[in-house]
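Numbering (our numbering), first residue to last: 5 to 114.
Note that CB positions come from ideal geometry on N, CA and C, so glycine has one too.
Please read these numbers as outputs of a predicted model, since none were measured by experiment.
Taking it in order: structure first as structure tokens, then the write-up.
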């Protein structure tokens, strides 16, 4: 995953309202913008702006059927972020293993 894509996804997910919208979409499946807006104490316009940020980060897609806009969560970007965190965690684990080896060596040398 390129750095720009990673940054876009993490930035979109950094906002609590957008994380909540994404969670709702994962739990309930595709939803109309108006249905999503009912869960929040903000205008339809504000919800739409949050959705546009999620769309730009490819975390959601919009399907338009006539006047109805259905928003659907996309799990592939979430999987990519999860893989990035797993990679980061494995690097950290290796560093901790190296530290443990050094500490054990020092204990044995004493």
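With residue 77 as the anchor, note down where its beta strand (DSSP E) starts and where it stops.
-> 72–77
Contacts around residue 29, its chain only, beta-carbon distance under 7 angstroms, and the 5 residues preceding and following it disregarded | 35, 64, 75, 76 and 77
Do residue 54 and residue 22 have their C-beta atoms within less than 7 angstroms of each other?
-> yes
Could you pull out every residue in the same chain whose Cβ sits closer than 6 angstroms to the Cβ of residue 93, ignoring the five residues on either side in sequence?
-> none
Considering only residues of the stretch 34–111, which uninterrupted alpha helix (DSSP H) runs meet the minimum length of 4 residues and lie entirely inside it, listed in chain order?
-> Counting whole runs of 4 or more residues, the stretch 34–111 contains the alpha helix (DSSP H) stretches 37–41 and 48–60.
Got a sec? Which residues, its chain only, sit under 8 angstroms from residue 80 by beta carbon, not counting five neighbours each side?
-> 62
Flag this pair as yes or no: are the beta carbons of residue 16 and residue 57 separated by less than 7 angstroms?
-> yes
Pull up the distance between the alpha-carbon of residue 9 and that of residue 45, whole angstroms please.
-> 30 angstroms
Distance, residue 83 Cα to residue 41 Cα | 26 angstroms
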